[in-house]
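J.: Chains as they are written, first to last, in this note's numbering: chain A, 12 to 222; chain B, 12 to 222. Glycine included, each C-beta is placed from N, C-alpha and C at the ideal position. I'd like to ask some things about the structure below.
Number of protein chains: 2
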Amino acid sequence: MGITGKSERLSPTGPDCGERYGWGVDPAASSPTAAQSRVIVGALEVFARNGVGGTSLQMIADEIGVTKAALFYQYRSKQEIVLAAAESELARLDDVISAAETSASAGEAREVMIAGMVELAVERGRRMGTILSDPVIVGYFADHGGFRATMQRLRHVLIPDDHRPESAVRLAMVIAAVSGAVLHPFAAGLDDDTLRRELRRLTHAVLDAPD
Amino acid sequence: MGITGKSERLSPTGPDCGERYGWGVDPAASSPTAAQSRVIVGALEVFARNGVGGTSLQMIADEIGVTKAALFYQYRSKQEIVLAAAESELARLDDVISAAETSASAGEAREVMIAGMVELAVERGRRMGTILSDPVIVGYFADHGGFRATMQRLRHVLIPDDHRPESAVRLAMVIAAVSGAVLHPFAAGLDDDTLRRELRRLTHAVLDAPD
DNA sequence: GTCTATAGTGCGATAGAC
DNA sequence: GTCTATCGCACTATAGAC
C-alpha cells in the first residue's frame, strides 16, 4: 500500500504525456441516465478517498458492485467518467446560483447564495472538494465549458456591481475558504451545525470587509 | 491523453486497495541531500500539473533529467518521494511560524504570520497547494507526524488564547482561503502585488470578525 | 445490460554493469 | 551515483458471448 493508494499505478500513458491534455470535444454535459448516475456517485466516493489520478476503473466498479466492462458500457473512457463526475458536482453549484437569482432583492439573493454554498460544502465535503480541486480538472475548467459563466454569475450574486479586478480575489477567497475549510482536519471534529454557522458568519466577514 | 494525464495508469495495486494506508514507520523527515532536493523540486513541479496520483516516477525522472533508477537510489519508493515532498512544503510553513513566534508581541507575531502565509501561498502556488490538499496526504497528516503540532502553533499565533472549538473553523477557513485562492482561475490573471494586498486584507477581515 | 477473456502498454521496483 | 535491462503486475480499453 502506498501514499497514493498502494503499490501504485498512476500516471499518464501514451505518446504525449504531461502538460498537454487533448480533451476532444466537450463530452456532452447532458443529463446522466440512472445507471450513469450510479457510476458518478461511486466515482465521487472513491475520488474523495484516493484522488482522481489515484483511482482506477476497477475501484469504481468495485464500489458500485459492477465490472469494469459495465463502466465502459456507460462511458467510453475514464476521462468521460471523471468529467461527468466533475460536471455533476458543478451542476449542484449552478442550481444554488439559479435559486439565488430568483430572489426579490440583491441582498436576499446574496443571503440565499451564502447559505446554499455553505450547505453544499458541508453536505458534499470531500466528494465535491476533491474532484473540483484536482489540478487537471481545474486546468480543464479554467478555459472550457460553462465554468467561467457559472463563476461570473456567482460573482454577480455575491459581489454585485463591482467589476474591479481585485474583487475577483474576494470571490476566489470565499470559494476556497468555504469549500476548503470543511476538508481541513481541524474542521473534521466539529458538528455540522457549528460548522455551518461559523462558515456563514465568516463568509459574511469577507464579503462585507470594506475596500 | 486523459483527464488525469493521458491514457491512464493511476491507482493502487496489490491485495488491499482503497482506504487502508500502511505507511510503515515515518520515513525519516531528516534533511534531504542536494540530490534528494533536486528530486523533491522536480516532483513538486510535476505534482502541480498532474496531481500526486497522476504522476509517475518516469515523469519526475524526465523533469530533472535522470532515469527512474536514479530516483530509487535516492528514495526507496514513490511513497517516500511523495512524503518527502509534502514534508518539505510543510517545513516552509513551519519556518514562517517559527519566525512569527520570535516577535516581541502577540500582535506583531500575528502580522508576521499573516504576511508570511500570504507570501508562501503566492510564491509556492500550486506546488504547495496540490500536494498538501491531496486527499491521501491530508489523510496521512491528519493523524501522523508533526502536522497537528504545527497547526496548534499556527492557531496560537493567529488566534491567541481562544480554545473554543469554533475557533478551529476560523483557522481552517483562513488556511483554506489563502492557500486555495491562489489556485483559483479567477486569481490567475491578477498581478502578484494586488493578490498579496487583497489576501492580507481579507485574512485580517476573517481573523478580526467579532464572535 | 452485464459478463469473460484478452490485447497492449506503462507501471513500480530490482539487479547488476560501469 | 547513474546507467541499462528487465521482471511481474495492474492498468485502460476492446471484442464478443450471453
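Since B/R137 meets chain A, which of its residues come closer than 9 Å, beta carbon to beta carbon?
T.: Position 126 of the second sequence, counted from the first residue, corresponds to residue 137 of chain B. Result: P146 and V149.
J.: When burial is assigned at 16 or more other CB atoms within 10 Å of the CB, is B/P171 buried or exposed?
T.: Taking the second sequence and counting its residues from 1, one reaches residue 171 of chain B at position 160. Classification of B/P171: exposed, given that the 10 Å Cβ count is below 16.
J.: Between A/L169 and A/L182, which are expected to be in contact by the criterion C-beta below 8 Å, what is the C-beta distance as a whole number of angstroms?
T.: Indexing the first sequence from 1 puts residue 169 of chain A at position 158. Indexing the first sequence from 1 puts residue 182 of chain A at position 171. Correct: roughly 6 Å between the Cβ atoms.
J.: For A/Y84, count neighbouring C-beta atoms within 10 Å of its own C-beta (all shown protein chains included) and say buried if the count is 16 or more, exposed if not.
T.: Locating residue 84 of chain A in the first sequence gives position 73, where the first residue counts as 1. A/Y84 should be labelled exposed.
J.: Considering only C-alpha positions, which residue in the set B/V77, B/V123 and B/R208 is nearest to B/A111?
T.: Locating residue 111 of chain B in the second sequence gives position 100, where the first residue counts as 1. Checking every option, the nearest Cα to that of B/A111 belongs to B/V123.
J.: Please return the same chain residues whose Cβ sits closer than 6 Å to the Cβ of A/A97, not counting the five positions on each side in sequence.
T.: Taking the first residue of the first sequence as 1, we reach residue 97 of chain A at position 86. Around A/A97: I142 and I148.
J.: A/V193 CB to nearest chain B CB: under 9 Å?
T.: One-based indexing of the first sequence puts residue 193 of chain A at position 182. Chain B, which has a Cβ nearer than 9 Å to the Cβ of A/V193, makes this yes.
J.: Between B/Y86 and B/V50, how many whole angstroms is the CB-CB distance? I'm expecting something under 8 Å.
T.: Counting from one through the second sequence, the residue named residue 86 of chain B turns up at place 75. Counting from one through the second sequence, the residue named residue 50 of chain B turns up at place 39. About 7 Å; that satisfies the 8 Å criterion.
J.: How is A/I186 classed by DSSP in three states: helix, strand or coil?
T.: Walking along the first sequence from the start, residue 186 of chain A turns up at place 175. A/I186 falls in the helix class under three-state DSSP.
J.: Given a cut-off of 9 Å on the beta-carbon distance, is the pair A/S190 and B/G136 in contact?
T.: Looking up residue 190 of chain A in the first sequence gives position 179. Looking up residue 136 of chain B in the second sequence gives position 125. It is not a contact, given that the beta carbons lie outside the stated cut-off.
J.: With a threshold of 9 Å between beta-carbons, can B/I51 be considered close to chain A, or not?
T.: In the second sequence, counting from the first residue as 1, residue 51 of chain B sits at position 40. Not one chain A Cβ lies under 9 Å of B/I51.
J.: Cutting at 8 Å between CB atoms, please list the residues of its own chain near B/Q47, excluding the five before and the five after it.
T.: Within the second sequence, the letter at position 36 stands for residue 47 of chain B. Excluding positions up to five away in sequence, the list reads Q85, Y86 and A95.
J.: Run the CB neighbour count on A/G200, radius 10 Å, all protein chains shown included, and call it buried at 16 or more, exposed below.
T.: One-based indexing of the first sequence puts residue 200 of chain A at position 189. Burial call: exposed.
J.: Please specify which runs of the alpha helix (DSSP H), each continuous and at least 4 residues long, are wholly inside the stretch 105 to 181 of chain B, giving them in chain order.
T.: List check, alpha helix (DSSP H) in window: 117 to 135, 137 to 144, 146 to 153 and 158 to 169.
J.: Judging by CA-CA distance, which residue of A/G64, A/V77, A/S41 and A/S42 is the nearest neighbour of A/G53?
T.: Taking the first residue of the first sequence as 1, we reach residue 53 of chain A at position 42. Comparing Cα-Cα distances from A/G53 to each of A/G64, A/V77, A/S41 and A/S42, the minimum goes to A/V77.
J.: With a cut-off of 9 Å, does the C-beta of A/D203 fall near any C-beta of chain B?
T.: Reading the first sequence from its first residue, position 192 is the one you call residue 203 of chain A. It does not; no Cβ of chain B falls within 9 Å.
J.: Please work out which residues of its chain come closer than 7 Å, Cβ to Cβ, to A/K89, disregarding the five sequence neighbours upstream and downstream, and give them in chain order.
T.: Within the first sequence, residue 89 of chain A is the residue found at index 78, counting from 1. L68.
J.: Quick one: Cα of A/L82 to Cα of A/D73, how far?
T.: Taking the first residue of the first sequence as position 1, residue 82 of chain A is located at position 71. Taking the first residue of the first sequence as position 1, residue 73 of chain A is located at position 62. C-alpha separation (whole angstroms): 11 Å.
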